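Take a look at the structure below.
Protein chains: 2
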Amino acid sequence: MGKQVTEMLKGTLEGIVLAVLARQPAYGYEITAWLREKGFSDIAEGTVYALLIRVEQRGLVDVEKVPSEKGPPRKVYTLNAQGREYLDEFWRTWSFLAERLDQLREGGN
Amino acid sequence: MGKQVTEMLKGTLEGIVLAVLARQPAYGYEITAWLREKGFSDIAEGTVYALLIRVEQRGLVDVEKVPSEKGPPRKVYTLNAQGREYLDEFWRTWSFLAERLDQLREGGN
DNA sequence: ACCAGTAGATAGTAACACTGAATAGTGGCG
DNA sequence: CGCCACTATTCAGTGTTACTATCTACTGGT
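What follows is the structure, given as structure tokens:
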């Protein structure tokens, strides 16, 4: 998609994934497919898995192994209380940034 | 300010600085002060200088050394045609991301 | 002579997304 | 049975970016 998106995703992709999990539990492959569908056309497979491991280690999500009819068992991730808290902060940070950017774009000082 | 902002700034700070330069030429110290004033409370001094060198090497800005009444000479940066083009693309990328994020936030699918 | 304020440069570090490849399980087809 | 497509996860290595901390350098005031 271009280097610009890649760099801009740093810090936001994590929030995006947590926001997806806030709606309902999901597993890596599912999340990747969802992102692709939503226009993040070439988010690498591995990227989402690495991110999920990170948030798991930080204790923002709970994990459950669920057998799949097709393929190896799925690791289903659920946002926990700490994750919800973190997500709230993410939205505050995002709002802060988005406001500043919008102001800049309007040429406002 | 927190690690979240730091990571989110990756990829956007560059656009922010270019957007500032789109309004009028400026030098590093000035840009840093402006950012602080606008709420980016702890953007490190060095960060902006490093970024400016990067965009200069990519040919997005023109540079002119201007003697200062107080302190060493200033390096005044001006956005050139290529930089404006890059900035346009930045805004397109930003819009794409912001739209997706807004949708996610509304809980929309 | 010293210090605060202005102005810029730089070496080393941490975090994050990407690339590319490997591993594993299931079902269908010849 | 052997092969392939699809599902699903893992991992080592790389590039980019912002931060930390420090250093240089010039001016004016005490």
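Here the protein sequences come in this chain order: A and B. Everything in the first sequence is counted per the numbering used here, starting at 1 for the first residue and increasing by one. Everything in the second sequence is counted per the numbering used here, starting at 1001 for the first residue and increasing by one. Glycine included, C-beta positions come from ideal geometry on N, C-alpha and C. From a predicted model like this one, the values you see are computed outputs, not experimental measurements.
- Using beta-carbon distances, B/GLN1057 does not count as an interface residue toward chain A, since no partner is under 9 Å.
- The region 49-69 of chain A and the region 80-94 of chain A touch, with no fewer than 3 CB-CB distances between them shorter than 8 Å.
- Put simply, the backbone Cα of A/GLY15 is about 8 Å away from that of A/TRP91.
- In this structure the region 1001-1008 of chain B does not lie against the region 65-76 of chain A, because fewer than three pairs of beta carbons, one per stretch, are closer than 8 Å.
- Cβ proximity to chain A below 7 Å picks out GLU1089, PHE1090, TRP1091, THR1093, TRP1094 from the region 1078-1094 of chain B.
- At least one C-beta of chain B is nearer than 9 Å to the C-beta of A/VAL20.
- In its chain, beyond the 5 residues on either side, THR1012, GLY1015 have a beta carbon closer than 8 Å to the beta carbon of B/TRP1094.
- Nearest to B/LEU1052 by C-alpha distance, out of B/GLU1030, B/LEU1097, B/ASP1102, is B/GLU1030.
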